[in-house]
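One line per chain: the protein sequences are A and B, in this order. Each residue of the first sequence is one higher than the one before, counting from 53 in my numbering. Each residue of the second sequence is one higher than the one before, counting from 708 in my numbering. Notes to accompany the following structure.
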Amino acid sequence: MCLAVPMKVIRVEKDEGLVELGGVRRKVNMGLLDDIKVGEYVIVHAGFAIQKMEEKEAEETLSIFREMEA
Amino acid sequence: MKYIEEFRNPVLIKKIIKKTNKMLEDYGKPIQLMEVCGTHTVAISRSGLRKLFHPLKLLSGPGCPVCVTPNHYMDKAIAYSRRKEVIITTFGDMMRVPGSTSSLERERAEGRDVRVVYSALDALQVARDNPGKKVIFLGVGFETTTPTVALTIKIAKRENLKNFFVYSGHKLIPPAMEALLEDSEVSIDGFICPGHVSTIIGSLPYEFIPHRYNIPCVITGFEPLDVAEGIAMLVEQIVNGKKPAVQIQYARSVKREGNKKAVSIMQEVFSVEQSNWRGVGTIPLSGLKIGEEYSRFDSERNIQVEVEPTKENQACICGDILRGVKSPPDCKLFRRGCTPEQPVGACMVSSEGTCAAYFKYEG
Ligand code: SF4
């Protein structure tokens, strides 16, 4: 039940956001976060954005993996 | 799909498994790790990871919110649904969970108004659309879900909605982990900590585990590569024999301090109390009830119902499975008499239940 996925922010208006994943768009409530900008990724759970996804950290984890691949 | 597919690379997963198995072999002693999140249970079962590390056992803990919700809660929800003026709104997983003598699905078939929603906000909409009815949302879930319900209650207050109520069965994960560590039947060498619960609460609330119990924790994401890496990090901590710690594998979502805004909204609306967990029993300070300030949204304080006496199904060992003492194949009814189509216990009903995950993926 704690399933949540990273979705890209397309639009924000006060506490309302429009997010997208794989071409599917969905309205989410942004009231649990501050200062989210268009183009950022948020983790979405049960109709709410629950956290901003940190692209820097994501890239770091991926780069550790890529090194292992080499 | 960005930030999903990159974390599914099978070549890398194999490398991690190989490296980890080498460590395990050199260590020589078998290790038991526990995941305390239903989403991890499913991810591990589906990816086959449970069988690929050895000698290592992956136990599933009390991480499925629907599964740990006790019969009494279901019975009360069913009693509410029988009131003419009530509409029950709930996450879909709750529909087929058996109570003592009925289920919400059965009540709906009998004509009660029970509606499945995707979000607590949808329940709020049902309340706006039905001013003549009392709309009760079944608030079930851990720290991932609770802030979404808390914020929904705040919105109801702002709109001065008089017919929206929450029946809170919300629970907190760290106290349940502590209860397992205090249980002499349970033996755990490391915890795979839940990624999205921790997205909200951060890593601090787990720190008592390495400090007091000398057991490592790794907060892990949900893609197969995340889970494999999380297991590798735990094994590394165990075999290197240094002071264990809480590590964050899922750094793209989890910060040490968590989501402070979400936590403060949760604390504003709810107050911490003891709570009853299926299989584990009553755990102090592990549940959330609606606090004084928001009491008019609390179904328990505002709508009285008679609840039938609780009956447990004696053959179901769901409780032992939730504590990681037994596995689904240990149950006499598993696959014979208990299936996802004809579930006997909660662990077979919820898609995140350990029995359902084993049934589907670990034949
Ligand atoms: S298989 Fe069914 S009866 Fe057995 S423990 Fe799981 S849910 Fe209960």
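Ideal Cβ placement from N, Cα and C applies to all residues, glycine included.
Any idea what DSSP makes of residue i, helix, strand or coil?
| i | result |
| --- | --- |
| residue 785 of chain B | helix |
| residue 1005 of chain B | strand |
| residue 967 of chain B | helix |
| residue 799 of chain B | helix |
| residue 871 of chain B | strand |
| residue 943 of chain B | helix |
| residue 927 of chain B | strand |
| residue 898 of chain B | strand |
| residue 1014 of chain B | coil |
| residue 82 of chain A | coil |
| residue 996 of chain B | strand |
| residue 1019 of chain B | coil |
| residue 762 of chain B | coil |
| residue 713 of chain B | helix |
| residue 752 of chain B | helix |
| residue 844 of chain B | strand |
| residue 974 of chain B | helix |
| residue 76 of chain A | strand |
| residue 882 of chain B | helix |
| residue 69 of chain A | strand |
With distances taken between CB atoms, is the gap from residue i to residue j smaller than 7 Å?
| i | j | result |
| --- | --- | --- |
| residue 803 of chain B | residue 809 of chain B | no |
| residue 860 of chain B | residue 1001 of chain B | yes |
| residue 989 of chain B | residue 956 of chain B | no |
| residue 99 of chain A | residue 826 of chain B | yes |
| residue 996 of chain B | residue 980 of chain B | yes |
| residue 1017 of chain B | residue 788 of chain B | no |
| residue 1064 of chain B | residue 775 of chain B | no |
| residue 94 of chain A | residue 101 of chain A | yes |
| residue 992 of chain B | residue 882 of chain B | yes |
| residue 719 of chain B | residue 740 of chain B | no |
| residue 70 of chain A | residue 62 of chain A | yes |
| residue 871 of chain B | residue 831 of chain B | yes |
| residue 800 of chain B | residue 773 of chain B | yes |
| residue 940 of chain B | residue 925 of chain B | yes |
| residue 756 of chain B | residue 934 of chain B | yes |
| residue 1066 of chain B | residue 1047 of chain B | yes |
| residue 820 of chain B | residue 794 of chain B | yes |
Taking C-alpha atoms, which residue in the options lies nearest to residue i?
| i | options | result |
| --- | --- | --- |
| residue 796 of chain B | B:961, B:842, B:895 and B:737 | B:842 |
| residue 1117 of chain B | B:971, B:753, B:993 and B:729 | This structure gives no information on residue 1117 of chain B, because the portion of chain B shown stretches from 708 to 1070. |
| residue 60 of chain A | A:109, A:77 and A:98 | A:77 |
| residue 1015 of chain B | B:716, B:916, B:784 and B:929 | B:784 |
| residue 769 of chain B | B:1058, B:985 and B:864 | B:985 |
| residue 923 of chain B | B:911, B:950 and B:933 | B:950 |
| residue 845 of chain B | B:866, B:895, B:883 and B:781 | B:781 |
| residue 862 of chain B | B:834, B:887, B:874 and B:778 | B:834 |
| residue 778 of chain B | B:792, B:824, B:876 and B:737 | B:876 |
| residue 910 of chain B | B:935, B:874 and B:960 | B:960 |
| residue 976 of chain B | B:983, B:998 and B:963 | B:998 |
| residue 1009 of chain B | B:914, B:874 and B:736 | B:874 |
| residue 82 of chain A | A:113, A:119 and A:103 | A:103 |
| residue 917 of chain B | B:934, B:945, B:937 and B:938 | B:945 |
| residue 1041 of chain B | B:755, B:1059, B:1070 and B:934 | B:1070 |
| residue 868 of chain B | B:712, B:840 and B:914 | B:840 |
| residue 887 of chain B | B:1056, B:987 and B:761 | B:987 |
| residue 1060 of chain B | B:791, B:767, B:715 and B:821 | B:767 |
Worksheet item: If we count Cβ pairs, one from each stretch, closer than 8 Å, do we get three or more for the stretch 842-853 of chain B versus the stretch 903-918 of chain B?
Response: Yes, the stretch 842-853 of chain B touches the stretch 903-918 of chain B.
Worksheet item: For the stretch 812-837 of chain B, which residues have a beta carbon sitting closer than 8 Å to at least one beta carbon of chain A?
Response: 825, 826, 827, 828 and 829
Discussion item. With a threshold of 8 Å, are at least 3 pairs of Cβ atoms found where one atom belongs to the stretch 812-819 of chain B and the other to the stretch 1016-1024 of chain B?
Written reply: no
Item to complete: Would you check if there are 3 or more beta carbon pairs closer than 8 Å linking the stretch 741-753 of chain B to the stretch 721-731 of chain B?
Response: These segments do not touch.
Worksheet entry | Residues of the stretch 69-87 of chain A with Cβ closer than 7 Å to any Cβ of chain B, in chain order | 73, 74, 81, 83, 84, 85 and 86
Worksheet entry | Members of the stretch 964-991 of chain B near chain A, C-beta cut-off 8 Å | Look at the stretch 964-991 of chain B: the residues with a C-beta under 8 Å from a C-beta of chain A are 966, 968, 969 and 972.
Practice prompt. Could you list the residues in the stretch 887-921 of chain B with a C-beta less than 7 Å from some C-beta on chain A, going in chain order?
Written response: 901, 903, 904, 906 and 907
Item to complete: Below 7 Å between beta carbons is the criterion; list the residues of the stretch 937-966 of chain B that meet it against any residue of chain C, in chain order.
Response: Within the model displayed, chain C is absent; protein chains A and B are what it includes.
Worksheet item: Contact between the stretch 853-872 of chain B and the stretch 964-972 of chain B: three or more CB pairs below 8 Å?
Response: yes
Item to complete: Quick one: which residues of the stretch 91-122 of chain A get their C-beta closer than 9 Å to a C-beta of chain B? List them in chain order.
Response: For the stretch 91-122 of chain A, which is checked against every Cβ of chain B, the residues closer than 9 Å are 93, 95, 97, 98, 99, 100, 102, 103, 104, 105, 106, 107, 108, 109, 110, 111, 112, 113, 114, 116, 117, 118, 120 and 121.
Worksheet item: Below 8 Å, can you find three or more Cβ-Cβ pairs linking the stretch 1024-1032 of chain B to the stretch 1041-1058 of chain B?
Response: yes
Fill in: Cβ-based contacts, 9 Å cut-off: residues of the stretch 838-854 of chain B near chain A
847, 848, 849, 850, 851, 852 and 854
Discussion item. Can you pull out the residues from the stretch 730-746 of chain B whose beta carbon lies closer than 7 Å to at least one beta carbon of chain A?
Written reply: 744, 745 and 746
Discussion item. Any C-beta of chain A within less than 9 Å: which residues of the stretch 715-726 of chain B qualify?
Written reply: 716, 718, 719, 722, 723 and 726
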